[in-house]
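**Student:**
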Amino acid sequence: MKEERILLFENPIDYEKLLKLEKKYELKIIATNFSSYEKLRKNNIKFINSDSFLTQDDRALIQKTAFFISNWYDELEIKNFLIYKDVNLGSLIKSELINILVNFLKIFYELYKINDKFKSSIFLCSGIHNKILKSFSAHTEILSNSNDLSNFLPLDSLKYGFKIGTDTKNFEIKIPKKLFSKIKSVSEKFSNYYIPQKIVNPNSKHVLFIELNTLNYENFLKNVHDPFVIFNRRIPSIWNKKTLNLIKNSNCIIENKNSLISNDLEKNIDDNIELINKKLSSLFKSAFFSKFFQIENISFWDQFSSYFTSMFMIRVSENILEIELATELFKKYDFSSVVINNEVGPNEKIIAQISKSKNIPIFLNQHGLIFDTDDALEMNKNHGIISDLSDYSIVWGDVDYEYREKIGFDRKTLFRIGTPIYENFNSIENFSENNYVLLATSGPTKENIFDLSIETIQKNIQTIESICKIVTKLNKKLIIKIHPSPDEFDPTELVQKINPNIKIVKSGKISPLIKNSNFVIVIDFSTVILDAHLLKKPVISITVKNNGFGIPFDFRTNSSISTNVNELEEIILKLDNKQYFDEIVKKGEKASSKYLTKTSDYSKNLFDLVSKQIHNNDV
């Protein structure tokens, strides 16, 4: 009789070893992620899904714990050790840490539950699973040295989409962050050369805009005639001929690393990084971390510390440079106000914290639709959608204004003025094709525990597959626009097997695609819905994720057709009826009037608001 072993199958590259072990042992196989699940499923291997060891309450606990621990930097015991020139270094990795924690804690808590169920069993495992499980069980054996950390380590590459030839021939590549930084530096030198720096009047005040997307704010750049400053660190302000001309013909002043750095400053940065690294190395030896990094009174610091500290030290080196550049920026200008689009990005946090220390008003500018629900409050706070550092919130319309008022914001801090993003929205360029159905994908995210289940990931793929089959069956043309997130599932291979005539668009704006479509299908909830409402296109939202965020305004008012994939064919056929089609469009138009305040000049309203000096909470 064969001995029993429990195999924690983590990495598909270990599949051949699994087959050998099956001959030697009576294996109980547990698939621990989607890639291992797919490998076992395709080969008809009997297995247990690791997700099954977690309840919904367990998942809620993991998400809550990740949110709580991501604020580690605010604890009085260590806070002062993390301050560098009025900026808390720990706060700058909050968003990234939530992502890592959610994925790590899912593994950690699953293994804790698995060990609890099979206490006397011998486990075969590798990589991170072996490291974690050894702390619970003395009965572990190494399967291999494979160590797939892609599920929870930070993303150090960026996805870049581009077009060759026609607007349907799309390609994408992943660029390492370091290479991207070098390319961006060249771009900045180029822009500084072709767009000479404007003379700054030391007695005049300026408005500072952080991470302003040049194309999204095209009309703003064209219509604002007073000088203002743009400081973009994630993406260049200029990356093609159109953006070059927009910036060149505007009254904005572009600041970047090349316009602010000096040899002395570079040396100072290197010296400071060395000093900070020594200081932080001793900090991480503190007993604080073992006590604080725990779930259900179970510390996971020993298993997590090496990943956390290595990531944090890398980011410290990057962020000290950013802090020094921001400091130089504030020396160069007297800012009347600062405008940011979120409070989660490191650059936004740096600028906001420096602004706070100088009593400069900060405006948080809405940049997309949000879940306006009580259930989504913690998520909105932790993802920088709801203001914490900012003094004022600029919202697009009634929905977000009323939501913020409901959760306790003072009306004096809320401004409902629309957004330049949708200025002249109906005059957007046409797409080369027409008479098609548009599918906008938006798959599971890594920062939400409820999105990480194998079931949810599989459901997303199956939903895209079903949509392709249904639209093809109905003899309708389909175009798929993939969400720009680096983690987004690429359905190209899947789609080509169903219908090679389905076009996939990986880059560029989605608005021209919406404009020329018959109607739009979205996965769950996204800002694409508002785009479609404004362009008078019916929206069908297919539910995939059970994220626990509640029902947003658009779905509460039936402004979109919120349904499941099983009812999709019937709904598409109903949309062939003009009366029903027009009814859905009218509902969408009504919703858009609640989401977006209609004014004659969004750009002027925005600039007038943020350029006024603020006294006594009055604008």
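Each number in this note's numbering comes from the position in the sequence shown (counting from 1) with 31 added on. Just so you know, even glycine gets a beta-carbon here, dropped at the ideal spot from N, CA and C.
Less than 6 angstroms between C-beta atoms, sequence neighbours within five positions excluded: which residues of the same chain meet that for S642?
**Tutor:** The answer, listed in chain order, is V238.
**Student:** Please name the residue in L469, E108, F339, N223 whose C-alpha comes closest to that of L275.
**Tutor:** Measuring from the Cα of L275, the nearest candidate turns out to be N223.
**Student:** Where N636 and A622 are concerned, what is the direct C-alpha to C-alpha distance, given to the nearest angstrom?
**Tutor:** Cα to Cα, the separation comes out at about 22 angstroms.
**Student:** Please report the straight-line C-alpha distance between I60 and L136, rounded to a whole angstrom.
**Tutor:** Distance between the alpha carbons of I60 and L136 is about 21 angstroms.
**Student:** N532 to N466, Cα distance in whole Å?
**Tutor:** Distance between the alpha carbons of N532 and N466: 14 angstroms.
**Student:** Does the segment 408 to 421 come into contact with the segment 277 to 289, if we say contact requires no fewer than three beta-carbon pairs (one atom in each stretch) closer than 8 angstroms?
**Tutor:** Flag = no, the segment 408 to 421 and the segment 277 to 289 do not touch.
**Student:** One question on the structure: do I262 and F638 come within less than 9 angstroms of each other, judged by their Cβ atoms?
**Tutor:** The sequence given here places Phe at residue 262; Ile does not occur at that position. No, the Cβ-Cβ distance between F262 and F638 is not below 9 angstroms.
**Student:** Suppose you measure from the CA of E305 to the CA of G376; what does that come to, to the nearest Å?
**Tutor:** In a straight line, the C-alpha of E305 is about 24 angstroms away from that of G376.
**Student:** So, is P517 buried or exposed, given that buried needs 16 or more other C-beta atoms within 10 angstroms?
**Tutor:** P517 should be labelled exposed.
**Student:** Per DSSP, which one or two residues make a beta bridge with L445?
**Tutor:** S424, per the DSSP bridge assignment.
**Student:** Should N146 be labelled buried (16 or more other beta-carbon atoms within 10 Å of its own) or exposed?
**Tutor:** Buried.
**Student:** Tell me whether L85 sits in a helix, a strand or coil according to DSSP, three-state version.
**Tutor:** Looking at L85 - three-state DSSP - the assignment turns out to be coil, as it is neither helix nor strand.
**Student:** Are the beta-carbon atoms of I300 and E219 separated by less than 9 angstroms?
**Tutor:** Cβ distance not < 9 angstroms, so I300 and E219 don't count as in contact.
**Student:** Look at P583 and V616 and say whether their C-beta atoms are less than 9 angstroms apart.
**Tutor:** No, the Cβ-Cβ distance between P583 and V616 is not below 9 angstroms.
**Student:** Using DSSP with H/G/I as helix, E/B as strand and the rest coil, what is A91?
**Tutor:** Of the three classes helix, strand and coil, the one that applies to A91 here is helix, per DSSP.
**Student:** Taking DSSP as the reference, what is the three-state secondary structure of R36?
**Tutor:** Three-state result, R36: strand.
**Student:** When the distance is taken between beta carbons, is L566 closer than 9 angstroms to F456?
**Tutor:** Yes; because the gap between Cβ atoms is below 9 angstroms, this pair is in contact.
**Student:** Which class does I401 belong to by DSSP, given the choice of helix, strand or coil?
**Tutor:** Three-state DSSP puts I401 in coil, outside helix and strand.
**Student:** Using the beta-carbon count (16 or more within 10 Å), is D405 buried or exposed?
**Tutor:** By the 10 Å Cβ count, D405 comes out exposed.
**Student:** With the cut-off set at 9 angstroms, would you say V575 and D562 are in Cβ contact?
**Tutor:** It is not a contact, given that the beta carbons lie outside the stated cut-off.
**Student:** Please confirm whether any heavy atom of the ligand SAH lies closer than 8 angstroms to the CB of K162.
**Tutor:** With respect to the ligand SAH, the structure offers nothing, as it holds no ligand at all.
**Student:** Determine whether the beta carbon atoms of K507 and N479 lie at a separation below 9 angstroms.
**Tutor:** No, these two residues do not count as a Cβ contact at 9 angstroms.
**Student:** Assign K165 to one of three DSSP states: helix, strand, or coil.
**Tutor:** The answer is coil: DSSP assigns K165 none of H, G, I, E or B.
**Student:** Taking just the CA atoms, how far does N328 sit from I292?
**Tutor:** The alpha-carbon atoms of I292 and N328 are separated by roughly 47 angstroms.
**Student:** Determine the direct distance from the alpha carbon of I603 to that of K512, and round the result to whole angstroms.
**Tutor:** About 19 angstroms.
**Student:** Below 6 angstroms CB to CB, which residues in the same chain sit around N287 once its five sequence neighbours on both sides are set aside?
**Tutor:** Excluding residues within five positions, the ones whose Cβ falls inside 6 angstroms are E219.
**Student:** Whole-angstrom Cβ separation of R447 and T628, contact assumed at under 8 angstroms?
**Tutor:** About 5 angstroms; that satisfies the 8 angstroms criterion.
**Student:** What did DSSP end up calling Q228 once you bin it into helix, strand or coil?
**Tutor:** If DSSP states are grouped into helix, strand and coil, Q228 belongs with coil.
**Student:** Relative to the C-alpha of I545, which residue among V559, S538, T523, I535 is closest?
**Tutor:** Closest option to I545, Cα to Cα, is V559.
**Student:** Once DSSP output is grouped into helix, strand and coil, what is the label at Y364?
**Tutor:** Coil at Y364, not helix or strand.
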